[in-house]
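When we follow this note's numbering, the leftmost residue of the sequence shown carries the number -7, and every step to the right adds one.
Here the structure comes first, spelled out in structure tokens, and everything after it is commentary.
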Amino acid sequence: MKQLFLIIGAPGSGKTTDAQAIAKRNADKVVHYSTGDLLREEVASGSERGKVIGSIIAKGELVPLDIVVQTIIGALANAPRDIVLIDGYPRSIEQMQALHTKLAEQTEVELVKVIEVAVSEQVAKDRVLGRARGADDDVEVFNNRMRVFLEPLAEIRAFYGDKGLLHTINGERTIEEIVEEMNTYVLSQVKG
């Protein structure tokens, strides 16, 4: 059975960097997928679905639920390792509920924990605008992405918290400190 860890956090929280480092450190048993990377790969493929995704991402809006869930379920099914880290998901109540429903319908994948990398809005903004990788990193788009992240956050925390699945890590430290804590935590939660 695949064991799934979801890693959530604000834009600029470091969730992708942290997950990549843990997967690299444990390459024999952990694989990492970024929801954003999975969607960008679809865009880069030039497919019709990719063109739709590209126009939505360019505006900083959420990709439709069915496309995201199909993408994630496909990645889980094809994962080459038993421990799977997915960052950047869920980003909405609907995404959370859709994944929860899909996972409940099958026995191949178990959601072990949801890890939130917590940072203040100011730290997130400073990091994103400081790195300015592309068109999606200007102030207006950052503010939109932050709003999209914050709106469902209390409900997402409550949903996973009530199930005993939520674990929060302080993301306002060095990458090394965060990765060390998250790595230790993930490995301590793995079953079997």
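The beta-carbon is built from N, C-alpha and C at its ideal position, and this holds for glycine as well.
Please list, in chain order, all residues of the same chain as residue i whose beta carbon is under 6 Å from its beta carbon, the five residues on each side excluded.
| i | result |
| --- | --- |
| PHE141 | ALA2 |
| GLY28 | GLY80 |
Does the distance from the CB of residue i to the CB of residue j come in under 8 Å?
| i | j | result |
| --- | --- | --- |
| LYS105 | LEU57 | no |
| ALA116 | SER26 | no |
| PHE(-3) | VAL178 | yes |
| HIS159 | ILE78 | no |
| GLY52 | VAL111 | no |
| LYS7 | ILE14 | no |
| LYS183 | GLN(-5) | yes |
Taking the beta strand (DSSP E) that residue i belongs to, which residues open and close that run?
| i | result |
| --- | --- |
| GLU102 | 101 to 110 |
| TYR25 | 22 to 26 |
| LYS(-6) | -6 to 1 |
Could you pull out every residue in the same chain whose Cβ sits closer than 7 Å to the Cβ of residue i, ignoring the five residues on either side in sequence?
| i | result |
| --- | --- |
| THR54 | Note that residue 54 is Leu in the sequence shown here, rather than Thr. Taken in chain order, the residues that qualify are ARG83, SER84, VAL140. |
| GLU173 | ILE161 |
| LEU145 | none |
Please work out which residues of its chain come closer than 8 Å, Cβ to Cβ, to residue i, disregarding the five sequence neighbours upstream and downstream, and give them in chain order.
| i | result |
| --- | --- |
| ARG41 | GLU34, ILE59 |
| VAL61 | GLN87, ALA90, LEU91, LYS94 |
| ILE64 | TYR25, THR27, LEU30, ILE78, TYR81, LEU91 |
Closest to residue i by CA distance: which of the options is it?
| i | options | result |
| --- | --- | --- |
| ASP130 | GLN12, ARG32, ALA50 | ALA50 |
| ILE75 | LYS155, ALA150, ARG119, GLU102 | GLU102 |
| LYS16 | LYS183, VAL171, TYR177 | VAL171 |
| LEU31 | ILE65, LYS21, VAL133, GLY46 | GLY46 |
| ILE48 | ARG149, THR176, LYS155, ARG137 | ARG137 |
| GLU100 | THR166, ARG73, ASN18 | ARG73 |
| ALA67 | GLU97, SER37, HIS24 | HIS24 |
| ARG165 | ARG119, ASN70, ALA36 | ARG119 |
Specify, as a first and last residue, the run of the alpha helix (DSSP H) that residue i falls within.
| i | result |
| --- | --- |
| ASN162 | It is not in any alpha helix (DSSP H) - ASN162 instead sits in the beta strand (DSSP E) that spans 158 to 162. |
| LYS43 | 40 to 50 |
| ALA19 | That residue, ALA19, is in no alpha helix (DSSP H); it is neither H nor E in DSSP. |
| LEU179 | 167 to 181 |
Is there at least one non-hydrogen atom of the ligand SAH closer than 7 Å to the beta-carbon of residue i?
| i | result |
| --- | --- |
| LYS183 | With respect to the ligand SAH, the structure shown offers nothing to examine, as it has no ligands at all. |
Legend entry - Ranges of the alpha helix (DSSP H) found wholly within the stretch 125 to 155, counting only runs of at least 4: Those alpha helix (DSSP H) runs which fall completely within the stretch 125 to 155 and span 4+ residues are 131 to 142, 145 to 154.
Inset, instruction - Note down, one range per segment and in chain order, each alpha helix (DSSP H) of at least 4 residues found wholly within the stretch 60 to 99. - result: 85 to 96
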